[in-house]
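*Asks:* Chains A and U, in that order, give the protein sequences. So in the working numbering, spot 131 of the first sequence is number 171, and the numbers just go up one at a time. So in the working numbering, spot 406 of the second sequence is number 697, and the numbers just go up one at a time.
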Amino acid sequence: MEWITTFLDALSFEALYGGILRFVFPILSLLILGRCAKALLTFQREPEYWAYVVLPGGDRLPVTHWETLLGRGKNCDLVLDYPTISRSHAVLTRYDDGSWSISDVGSKGGVEVNGTAVRSCALEYGDTISLGGVKVTLVPFSREQEYRQAAARTLAGRQIRPAITLFYLTLFQVLTMMQLLFQVKPAETPTVALAFGSLTALQWLLFWAMRAFRRTGYEIETIAFYLTTLGFAVIASSAPGELFKQLLCVGMGLVLFLVVGWSLRDLERAKKIRYLASAAGIGLLLVNLVFGTEQYGAKNWIFIGGMSFQPSELVKVCFIFAGASTMDRLMTKRNLWLFILYSGFICGCLALMNDFGTALIFFVTFLVIAYLRSGDFATLSLICAGTGFAGILAVRFRPYALRRFASWGHIWEDPLGAGYQQTRAMMCLASGGLLGLGVGCGRLRYVAASDTDLVFAFVAEEWGLIVAVLTVLAIVCLAVFVVRSASVGRSSFYTISACAAVSIFMIQVVLNVFGTMDFLPLTGVTFPFVSNGGSSMISAWGLLAFIKACDTRQNASFAIKLAGAGGEEEDA
Amino acid sequence: MKKVSRRAMAVLALTFALLLGLGAFVVRYFLRGADWAVFPGNPHTYSSGILNSGILTDRSGTVVLDATEGRKYAEDAALRKAMLHLLGDREGYIAAPMLQEYADQLVGYNFLTGTYHLTDKASTGTLTISASAQQKALEALGGRAGTVGVYNYKTGEILCAVSSPTYDPDQVPDIAGDTTGAYNGVYVNRFFNATFVPGSIFKLVTTAAALETLPDAASLSFQCNGSFDVEGDTVNCNGVHGAVDLKGALAHSCNVAYGQLALQLGPEVLTAYAEKLGVTDSFFVDGYHTAKGNFDLSDAPNVDVAWSGIGQYTDMINPCGFLRIMGVIGGGGEAAEPYLMASVDSTSLLGDYHAKTETTGRLLDATTCQTLTDMMRNNVQQIYGQGNFGDLPVCAKSGTAEVDSDQMPHATFAGFVADPNCPLAFIVVVENAGSGSAVCASIAGAVLQECAAVLAAE
Numbered sequence: 041m042e043w044i045t046t047f048l049d050a051l052s053f054e055a056l057y058g059g060i061l062r063f064v065f066p067i068l069s070l071l072i073l074g075r076c077a078k079a080l081l082t083f084q085r086e087p088e089y090w091a092y093v094v095l096p097g098g099d100r101l102p103v104t105h106w107e108t109l110l111g112r113g114k115n116c117d118l119v120l121d122y123p124t125i126s127r128s129h130a131v132l133t134r135y136d137d138g139s140w141s142i143s144d145v146g147s148k149g150g151v152e153v154n155g156t157a158v159r160s161c162a163l164e165y166g167d168t169i170s171l172g173g174v175k176v177t178l179v180p181f182s183r184e185q186e187y188r189q190a191a192a193r194t195l196a197g198r199q200i201r202p203a204i205t206l207f208y209l210t211l212f213q214v215l216t217m218m219q220l221l222f223q224v225k226p227a228e229t230p231t232v233a234l235a236f237g238s239l240t241a242l243q244w245l246l247f248w249a250m251r252a253f254r255r256t257g258y259e260i261e262t263i264a265f266y267l268t269t270l271g272f273a274v275i276a277s278s279a280p281g282e283l284f285k286q287l288l289c290v291g292m293g294l295v296l297f298l299v300v301g302w303s304l305r306d307l308e309r310a311k312k313i314r315y316l317a318s319a320a321g322i323g324l325l326l327v328n329l330v331f332g333t334e335q336y337g338a339k340n341w342i343f344i345g346g347m348s349f350q351p352s353e354l355v356k357v358c359f360i361f362a363g364a365s366t367m368d369r370l371m372t373k374r375n376l377w378l379f380i381l382y383s384g385f386i387c388g389c390l391a392l393m394n395d396f397g398t399a400l401i402f403f404v405t406f407l408v409i410a411y412l413r414s415g416d417f418a419t420l421s422l423i424c425a426g427t428g429f430a431g432i433l434a435v436r437f438r439p440y441a442l443r444r445f446a447s448w449g450h451i452w453e454d455p456l457g458a459g460y461q462q463t464r465a466m467m468c469l470a471s472g473g474l475l476g477l478g479v480g481c482g483r484l485r486y487v488a489a490s491d492t493d494l495v496f497a498f499v500a501e502e503w504g505l506i507v508a509v510l511t512v513l514a515i516v517c518l519a520v521f522v523v524r525s526a527s528v529g530r531s532s533f534y535t536i537s538a539c540a541a542v543s544i545f546m547i548q549v550v551l552n553v554f555g556t557m558d559f560l561p562l563t564g565v566t567f568p569f570v571s572n573g574g575s576s577m578i579s580a581w582g583l584l585a586f587i588k589a590c591d592t593r594q595n596a597s598f599a600i601k602l603a604g605a606g607g608e609e610e611d612a
Numbered sequence: 292m293k294k295v296s297r298r299a300m301a302v303l304a305l306t307f308a309l310l311l312g313l314g315a316f317v318v319r320y321f322l323r324g325a326d327w328a329v330f331p332g333n334p335h336t337y338s339s340g341i342l343n344s345g346i347l348t349d350r351s352g353t354v355v356l357d358a359t360e361g362r363k364y365a366e367d368a369a370l371r372k373a374m375l376h377l378l379g380d381r382e383g384y385i386a387a388p389m390l391q392e393y394a395d396q397l398v399g400y401n402f403l404t405g406t407y408h409l410t411d412k413a414s415t416g417t418l419t420i421s422a423s424a425q426q427k428a429l430e431a432l433g434g435r436a437g438t439v440g441v442y443n444y445k446t447g448e449i450l451c452a453v454s455s456p457t458y459d460p461d462q463v464p465d466i467a468g469d470t471t472g473a474y475n476g477v478y479v480n481r482f483f484n485a486t487f488v489p490g491s492i493f494k495l496v497t498t499a500a501a502l503e504t505l506p507d508a509a510s511l512s513f514q515c516n517g518s519f520d521v522e523g524d525t526v527n528c529n530g531v532h533g534a535v536d537l538k539g540a541l542a543h544s545c546n547v548a549y550g551q552l553a554l555q556l557g558p559e560v561l562t563a564y565a566e567k568l569g570v571t572d573s574f575f576v577d578g579y580h581t582a583k584g585n586f587d588l589s590d591a592p593n594v595d596v597a598w599s600g601i602g603q604y605t606d607m608i609n610p611c612g613f614l615r616i617m618g619v620i621g622g623g624g625e626a627a628e629p630y631l632m633a634s635v636d637s638t639s640l641l642g643d644y645h646a647k648t649e650t651t652g653r654l655l656d657a658t659t660c661q662t663l664t665d666m667m668r669n670n671v672q673q674i675y676g677q678g679n680f681g682d683l684p685v686c687a688k689s690g691t692a693e694v695d696s697d698q699m700p701h702a703t704f705a706g707f708v709a710d711p712n713c714p715l716a717f718i719v720v721v722e723n724a725g726s727g728s729a730v731c732a733s734i735a736g737a738v739l740q741e742c743a744a745v746l747a748a749e
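Here's what the structure looks like:
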């Protein structure tokens, strides 16, 4: 027993606390993210019923989306196997107020409503719709049925309670803050305590606000707050003075999250905002081009009143608004020229600013949106090839870009020069092992841009590789959730925008993490929510709103209106 | 919506790429994490450019290096000098491959906990080296350049691996400004990284080849008149030995006999044995890649074949490699591979290391080795004298290796103790010191007796 006493005597309370927490943090992380992932990835995809289409024989086909493609093709939402009906014939659209419309999407046989040929017109229940001569009618799904359906569907958060997950996250935050208090200078103690306290308060405030609106899904926000917590710990360790700035940006991000969410609740509103947002995107980049200041090789910063700001981050949100589209548009205006031009303009501006990392993000997001809208793999391959060629030329003629590629894959050959950042990152990452050296105990913080570009290694060093890998898996979880939700999505607007938003997250993680690992050149792209950077934090929350809007689990999302079960918004 | 939701699967391609890269990185972490953790410059394991490699002791527990933060060498200046080439200097002129080889265990790294330590306790590495034997060897070299190596051919433990000239790393002399030549090649570890002309100790290799390939080798006889002609060139002997058999030829180190024997064996057989015994190989010994020796008879005229069997011509040996051959003869045809690090008591739970004995495999027949042992024992009893070796049944062969014509020859001496309780093989090389046994026998005797005492005390 003597050795135990000797052992304990040799330990300070601080060391013992850190020693135990190294095991607690990965377990808590697994618990928090595991609960969120289970809720998001295993929910029963229960379709929402909105109306019936009655066929000539009397058969009733349920309409399960707000946008429904009618036609003979087997990829249609309602397959009407009549020879006179085109493969893609018409799109049936439901609006927020419960009204309906039908649009001809280039059918051969045409669409008639009550005997009148139409291209697009409003629809009443009971109207006779003739699709290439086949007469169908739209029959309402009664309010009562809607209630019954809503009651029968699984309420989000019923099986895995978000409040308990949030409690674990709060515990995680308190333990993190306490360990940080041992590590930071006494002068920084109040900053750290206040920043973490405020973050915890913000997440509970948002939670209760959602509850007040009877929204019970909170997993997506919990994941974001978890990542933000890690980001706060990184900043507390590397530059505690910047915590308040980051906290302010979380606040602004939450406002953007709510505003984008609000604008998405009403698709008609969203479609109008679309134009505004597209114009804002162009405006932001032009302002950036004119007034921008060069930092770290890229001219993508603007200084206003001592605060620096990256407009290109907010353009991401605008870009998604510009790219998303409803089904009727999707099927009628098939060409993408306007969107291609818009994307080309944005990437061009970014290239002028030397910000190739962000340009790449937009390019990949463009590909995702373009594919979702057109399904045209061949054209996109052509665009990729063309862009790849242009990229090679750019690298060939711009020595600045070339320098970055020069050390790529050869970092260990020049550990004191071009490979300095990444070799330090790998050394520190290895030193952290699977469990980490303890929050605030890292040394990577002394390396330039370690809390932004190298943040994966920063987290691995202090929190361990397990937690670092979990941060990546958290983003992967959001992506899989978005793809799973697509089949029960209400509108292609939501599905496309959510896919685009989560693609931006993923491409950022790919560039950030693989850059650190030397799988790709280091491009200076941030890790969403984790990297130190205000603009990035605000835009990440803005993008999260699109993901939130594709969540059609019962009562899950504030960004879409409630259907039935105590019912419509007005009843609340 | 079905169309769009199917296309949404494309997002999974990005997810897949992300997971694939992440998986590849995790594999890379498990394979290379240890290298990254001890890579020069890691702020967690280096202080001022020096690896924090814990504490190193000799086999008896004497601390020879405390590298928990920076480098603190032994208290005793003589020991600091004796250990310099194994532990390296602070400036990096003399590397310490052994410390680099066990760096991950010494810094307490493992893949699970990284370099994290709950307490301030440092890792401790225990060397097979005996500090007292090192000191004795350096003292016996008396400031002359050269090397002394001793190892246990049953276990593989290297007890002594001294390289001279050396200096005190705590009081670095003005090496660059030295004009006396006292520090020529001071940064070279002569035991692991240098090669020498072997001189007559190479006759042991020639003898082994003869015993195994000539059916009547033991009964061969030679007539030495002080020299013999080979196609117009002369091979000179160190004396006139008259009629000698193989045993007598080895005892007298008769060049005429061995020149003729080499011609009788021919270049192929000689080369085959040199290669078989590892003369031309590099061995990996706890971080060191030993220097390759040389034995090349391609296109050599007969006179050079004769000289090569005597240990001249272009023959080169590495002391550690030749020590291993002595171990093979002493061990009856096979020996343990030499090593330096006995164990590491690491601060990390998964990092402890304990050396395991590995064998060379059978390289020579037991009867060949028995005959060689008898012949080498005869050398000591008849020629070099037992006096230098106390009670130890030492078997040996000396050499006087001609180098440049304007320099004194190197003195070489190699052999082993034929005692199962004290299975030590040894090699001594003293540069430009003249006659082998006269210079080296006393050095070998002193070091072997010290090593024997250390083993007896364990």
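Using N, Cα and C, we set each Cβ at its ideal position, and we do this for glycine too. Nothing here was measured: the structure is a model prediction, and the numbers come from that model.
Give a yes or no on whether the C-beta atoms belonging to U:Leu-654 and U:Val-441 are separated by under 8 Å.
*Replies:* Not closer than 8 Å, so no.
*Asks:* Specify, as a first and last residue, the run of the alpha helix (DSSP H) that A:Ile-263 falls within.
*Replies:* Counting along the chain, the alpha helix (DSSP H) containing A:Ile-263 begins and ends at 259-278.
*Asks:* What is the residue span of the beta strand (DSSP E) that U:Lys-688 lies within?
*Replies:* First-last of the beta strand (DSSP E) with U:Lys-688: 685-692.
*Asks:* Unbroken beta strand (DSSP E) runs of length 3 or more, entirely within the stretch 215-246 of chain A: which are they?
*Replies:* Counting only runs of 3 or more, we get nothing.
*Asks:* Apart from the five residues on each side of it in sequence, which residues of its chain come closer than 6 Å, Cβ to Cβ, to U:Thr-691?
*Replies:* For U:Thr-691, where only same-chain residues beyond five positions count, the Cβ hits under 6 Å are Gly-490, Pro-700, Ser-726 and Gly-727.
*Asks:* What number of angstroms, rounded off, separates the C-alpha of U:Met-413 from the C-alpha of U:Ser-344?
*Replies:* The question names Met, yet the displayed sequence has Ala at residue 413 of chain U. The straight-line gap from Cα to Cα measures roughly 8 Å.
*Asks:* Residues in its own chain within less than 6 Å of U:Ala-735 by CB, not counting five upstream and five downstream?
*Replies:* These residues qualify, in order along the chain: Phe-704, Phe-717 and Val-719.
*Asks:* Can you check the stretch 388-431 of chain U for any beta strand (DSSP E) of at least 3 residues that lies completely inside it and give the ranges in chain order?
*Replies:* Listed in chain order, the complete beta strand (DSSP E) runs (minimum 3 residues) inside the stretch 388-431 of chain U are 415-418.
*Asks:* Anything in the stretch 309-336 of chain U with a Cβ closer than 9 Å to a Cβ of chain A? List those residues in chain order, please.
*Replies:* Answer set for the stretch 309-336 of chain U: Leu-309, Leu-310, Gly-312, Leu-313, Ala-315, Phe-316, Val-317, Arg-319, Tyr-320, Arg-323, Gly-324, Ala-325, Asp-326, Trp-327, Ala-328, Val-329, Phe-330, Pro-331, Gly-332, Asn-333, Pro-334, His-335 and Thr-336.
*Asks:* Should A:Met-367 be flagged as near chain U, meaning a C-beta pair shorter than 8 Å?
*Replies:* So, interface residue.
*Asks:* 8 Å is my cut-off, CB to CB: does U:Ala-301 come that close to chain A?
*Replies:* U:Ala-301 counts as touching chain A.
*Asks:* Note down the Cα distance separating A:Met-292 from U:Leu-390, rounded to an integer number of angstroms.
*Replies:* So the two alpha carbons sit approximately 53 Å from each other.
*Asks:* How would you label A:Asp-591, buried or exposed, when you count the other beta carbons within 10 angstroms and need 16 or more for buried?
*Replies:* Counting Cβ neighbours within 10 Å, A:Asp-591 comes out buried, since at least 16 surround it.
*Asks:* Please report the distance separating the alpha-carbon of A:Lys-78 from that of U:Ala-358.
*Replies:* Cα-Cα distance, rounded: 49 Å.
*Asks:* Ordered along the chain, which non-local residues of its own chain (more than five positions away) have a Cβ less than 7 Å from that of A:Thr-168?
*Replies:* Here the set comprises Asn-154, Lys-175 and Thr-177.
*Asks:* With 16 as the cutoff for other CB atoms within 10 Å, does A:Gly-473 come out buried or exposed?
*Replies:* Counting Cβ neighbours within 10 Å, A:Gly-473 comes out buried, since at least 16 surround it.
*Asks:* Along chain A, which residues have their Cβ under 9 Å away from the Cβ of U:Met-292?
*Replies:* Residues of chain A passing the Cβ test: Thr-104, His-105, Trp-106, Glu-107, Thr-108, Leu-109, Asp-117, Met-367, Ala-526, Ser-527, Val-528, Gly-529, Arg-530, Ser-531, Ser-532 and Thr-535.
*Asks:* What's the gap between the Cα of A:Gly-573 and the Cα of A:Leu-283?
*Replies:* Between A:Gly-573 and A:Leu-283, the C-alpha separation is close to 10 Å.
*Asks:* Under the rule that 16 or more other beta-carbon atoms within 10 Å means buried, what is U:Glu-649, buried or exposed?
*Replies:* That one is exposed.
*Asks:* Sorted by chain position, which residues of the same chain lie with C-beta nearer than 8 Å to U:Gly-624's C-beta, five sequence neighbours on each side aside?
*Replies:* Counting only Cβ-Cβ distances below 8 Å, and skipping sequence neighbours, we find Arg-653, Leu-654, Leu-655, Asp-656, Ala-657, Thr-659 and Cys-660.
*Asks:* Starting from the C-beta of U:Gly-706, find all residues in its chain whose C-beta is less than 7 Å away, skip the five residues before and the five after it, and write them out in chain order.
*Replies:* The residues are Met-617, Met-667, Val-685, Cys-686, Ala-687, Lys-688 and Phe-717.
*Asks:* What three-state label does DSSP hand U:Gly-652 in the structure shown?
*Replies:* Note: U:Gly-652 maps to coil in three-state DSSP.
*Asks:* Considering Cα atoms alone, identify which of U:Ser-338, U:Phe-613, U:Lys-363 and U:Leu-409 is closest to U:Ala-582.
*Replies:* Checked all of U:Ser-338, U:Phe-613, U:Lys-363 and U:Leu-409; the closest Cα to U:Ala-582 is U:Phe-613.
*Asks:* Taking the alpha-carbon positions, what's the A:Leu-456 to U:Gly-600 distance?
*Replies:* The straight-line gap from Cα to Cα measures roughly 51 Å.
*Asks:* In chain order, what residues of the same chain have a beta carbon less than 6 Å from the beta carbon of U:Ile-420, not counting five sequence neighbours either side?
*Replies:* Asp-349.
*Asks:* State the DSSP-derived secondary structure class of U:Pro-558, mapped to helix, strand or coil.
*Replies:* U:Pro-558: helix per DSSP, three-state reduction.
*Asks:* How is U:Ala-724 classed by DSSP in three states: helix, strand or coil?
*Replies:* Coil, per DSSP.
*Asks:* What distance in whole Å lies between the Cβ atoms of A:Gln-223 and A:Cys-481, which are believed to be in contact at a cut-off of 8 Å?
*Replies:* About 7 Å separates the two Cβ atoms, so the contact holds.
*Asks:* Contact criterion: CB-CB distance below 8 Å. Does U:Gly-472 meet it with respect to chain A?
*Replies:* So, not an interface residue.
*Asks:* Within 10 angstroms of its Cβ, does U:Gln-426 collect 16 or more other Cβ (buried), or is it exposed?
*Replies:* The residue is buried, with at least 16 neighbouring Cβ atoms inside 10 Å.
*Asks:* Between U:Asn-516, U:Tyr-604, U:Tyr-478 and U:Leu-640, which lies nearest to U:Gly-379 when the distance is taken from Cα to Cα?
*Replies:* Ranking the options by Cα distance to U:Gly-379, first place goes to U:Tyr-478.
*Asks:* Cα-Cα, which of A:Ser-160, A:Gly-426 and A:Phe-403 is closest to A:Gln-548?
*Replies:* Ranking the options by Cα distance to A:Gln-548, first place goes to A:Phe-403.
*Asks:* Find out if the Cβ-Cβ distance for the pair U:Val-295, U:Leu-342 is shorter than 8 Å.
*Replies:* Not a contact, by the Cβ cut-off of 8 Å.
*Asks:* Which residues does DSSP pair with A:Gln-594 in a beta bridge?
*Replies:* A:Leu-195, per the DSSP bridge assignment.
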